[in-house]
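The next block holds one structure in the form of structure tokens; read it before the comments.
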Amino acid sequence: MSCSINRAQSVRISHHWFKKNTEIQDNSRVSITSSSRVSITSSSNLQSSSLLISSLTPGDTGLYVCQIQLMNGSFYTGEGTYLLVTGAAAVSVLQLPPSLILQEGQTANMSCSIEETQGVRILHYYWFMNGIQVISADQDRSRASITSGLQSSSLLISSLTLGDTGLYVCQIQAINKSIPRTYTGNGTRLLVTVSPGIILRMEEEENLLLCEAQRFHPQELKISWRFPLMEAETQDTLTENEDGTYTQRSTMNITEEMRGLRVTCVLEHISLTAPLHETITVTGSSSFDYRYLCFLLLLLLPLLCVAFIVRKHQRRRGVDRPETPETSVITKGRGNQSSQDQDGDSALHYATIFPSVSGAGRKAQKPWVSEEECTEYAAVKVVTRPLPHTSTGTQRDMEESYVCYAALRMSPPP
Numbered sequence: 001m002s003c004s005i006n007r008a009q010s011v012r013i014s015h016h017w018f019k020k021n022t023e024i025q026d027n028s029r030v031s032i033t034s035s036s037r038v039s040i041t042s043s044s045n046l047q048s049s050s051l052l053i054s055s056l057t058p059g060d061t062g063l064y065v066c067q068i069q070l071m072n073g074s075f076y077t078g079e080g081t082y083l084l085v086t087g088a089a090a091v092s093v094l095q096l097p098p099s100l101i102l103q104e105g106q107t108a109n110m111s112c113s114i115e116e117t118q119g120v121r122i123l124h125y126y127w128f129m130n131g132i133q134v135i136s137a138d139q140d141r142s143r144a145s146i147t148s149g150l151q152s153s154s155l156l157i158s159s160l161t162l163g164d165t166g167l168y169v170c171q172i173q174a175i176n177k178s179i180p181r182t183y184t185g186n187g188t189r190l191l192v193t194v195s196p197g198i199i200l201r202m203e204e205e206e207n208l209l210l211c212e213a214q215r216f217h218p219q220e221l222k223i224s225w226r227f228p229l230m231e232a233e234t235q236d237t238l239t240e241n242e243d244g245t246y247t248q249r250s251t252m253n254i255t256e257e258m259r260g261l262r263v264t265c266v267l268e269h270i271s272l273t274a275p276l277h278e279t280i281t282v283t284g285s286s287s288f289d290y291r292y293l294c295f296l297l298l299l300l301l302p303l304l305c306v307a308f309i310v311r312k313h314q315r316r317r318g319v320d321r322p323e324t325p326e327t328s329v330i331t332k333g334r335g336n337q338s339s340q341d342q343d344g345d346s347a348l349h350y351a352t353i354f355p356s357v358s359g360a361g362r363k364a365q366k367p368w369v370s371e372e373e374c375t376e377y378a379a380v381k382v383v384t385r386p387l388p389h390t391s392t393g394t395q396r397d398m399e400e401s402y403v404c405y406a407a408l409r410m411s412p413p414p
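Here the sequence shown is numbered in the UniProt record's numbering, starting from 1 and rising by one per residue.
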């Protein structure tokens, strides 16, 4: 299409082309616009201009207007040229929404439609998830269903699971101008999320603070620590669970400066509308005290063992040593010694008897009598009278209940 003005050649002019009030090109010379299909040319005397559009499409349909500007600033506008592009309808598939982010257990709904339906007869709608057909239009499942009409189709998936995450593409089989054609949408990307749970606790034995984000999806998650006037290094580990979710742990060493402070762990995840946080107060004493106590116990243990062995050895020596008259208890006033032995039901006392004589007699007998030679052991049977069971018993009865009777023999040395 072209545009010109009848003016003297000395008058300088410029040409402008518009489509729907939008300027196509602002130049008086030959140039190429952003589209290589459109070009504007001007004559050598600047009296005329031409607009060239190649490889027309239905989108080029519209009113094109030429505007001429003179050197003095005045404008002249033509009536315009209306361009109508005919031919096969341009069919495009509109699939909505482009993406979906939903929680586990929720319901997903996506749609597919054709924008230009003139001359197009739709035969079937198909839905694919990651290249695998989900369900055909005439089938139904417990969680997925397709509803189709003349110009659109929708896919509904209820009780979402992590396995439903993927790209869902709508495909349309149709006949356009008696020609079978297949049209495909751009797809809807579905992301099924699982919100994390949080656990914050102290590990006293390892002297650590542990913050754990449990069972979340997808795996992108941020754990941060908040506590006043301090900085500390943390260590994070991520593990995948059997059901496809993830667990992430963050640990931080407990220092003495942290005792008594409130420490907060914060989780940020795409499934959360707001950050999730948990707070704990760091209590207890340093683990160094426990280690020091264990060290002391380790030092004392050998000493205790040695003391036990020595004590046991001393007791064994005391049992093996035979009892002699010198080690017996001497009965006061009579030179007698006694001990008691239990044999069955009878109680026996053993007594060592030394003769008691006057001072003169002892001097006369001393040359031929020694205490060791005159020693004779005799069994003493205990005769015990039962104790009274009432308060009427006499003091004498109580004393006689402990009297022992013995038959003793004395013989001179040979």
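Every residue gets a Cβ at the ideal spot worked out from N, C-alpha and C, and that includes glycine.
How long is the line joining the alpha carbons of residue i and residue j, rounded to whole angstroms?
i, j, result
"residue 139", "residue 106", "Per-residue confidence for residue 139 stands at a pLDDT of 47, beneath the threshold of 50, marking its modelled position as unreliable; the derived number appears in the next sentence. In a straight line, the C-alpha of residue 139 is about 22 Å away from that of residue 106."
"residue 26", "residue 18", "Reliability fails at residue 26, whose pLDDT of 46 lies under 50, so the model's placement of it is uncertain and the value that follows must be treated cautiously. Their Cα atoms are separated by approximately 10 Å."
"residue 80", "residue 65", "4 Å"
"residue 161", "residue 192", "7 Å"
"residue 214", "residue 249", "9 Å"
"residue 296", "residue 309", "21 Å"
"residue 134", "residue 199", "38 Å"
"residue 2", "residue 70", "18 Å"
"residue 150", "residue 123", "9 Å"
"residue 83", "residue 185", "30 Å"
"residue 335", "residue 316", "Note that residue 335 has pLDDT 45, beneath the 50 cutoff, so the model's placement of it is unreliable and no number is given."
"residue 24", "residue 53", "11 Å"
"residue 120", "residue 271", "42 Å"
"residue 132", "residue 164", "12 Å"
"residue 208", "residue 298", "25 Å"
Name the DSSP beta bridge partners of residue i, please?
i, result
"residue 249", "212 and 237"
"residue 202", "209"
"residue 144", "157"
"residue 267", "223 and 276"
Using CA atoms only, rank isn't needed, just tell me which of the options is closest to residue i.
i, options, result
"residue 418", "115, 37, 134 and 70", "With the chain running from 1 to 414 in the structure shown, residue 418 is simply not present."
"residue 253", "23, 203, 129 and 221", "203"
"residue 146", "108, 70, 215 and 302", "108"
"residue 95", "171, 43, 121 and 103", "171"
"residue 110", "63, 223, 67 and 158", "158"
"residue 102", "241, 13, 188 and 266", "188"
"residue 169", "277, 271 and 93", "93"
"residue 5", "53, 77 and 23", "77"
"residue 234", "223, 240, 242 and 91", "223"
"residue 47", "148, 211 and 13", "13"
If I measure Cβ to Cβ from residue i and keep anything under 8 Å in the same chain, skipping five residues before and after, which residues do I get?
i, result
"residue 261", "227, 228, 230, 281 and 282"
"residue 245", "162, 194, 215, 216 and 217"
Grab the span of the beta strand (DSSP E) containing residue i for me, first residue to last.
i, result
"residue 109", "108 to 114"
"residue 280", "276 to 281"
"residue 188", "188 to 193"
Near residue i, what residues of its chain come up, given a Cβ to Cβ distance below 7 Å and the 5 sequence neighbours on each side ignored?
i, result
"residue 364", "Model confidence at residue 364 stands at a pLDDT of 44, short of 50, so the residue's coordinates are unreliable and nothing is read from them."
"residue 15", "3, 28, 42, 49, 66 and 68"
Taking Cβ positions only, does residue i come closer than 9 Å to chain D?
i, result
"residue 261", "You won't find chain D in this structure, because it holds only one protein chain."
Residues in the same chain with beta-carbon distance under 6 Å from residue i, minus the five sequence neighbours each way, listed in chain order, please.
i, result
"residue 307", "none"
"residue 277", "264 and 266"
"residue 342", "For residue 342, the predicted model reports a pLDDT of 46, less than 50, meaning its position is unreliable; a value from the coordinates is still stated below. So no residue of the chain qualifies."
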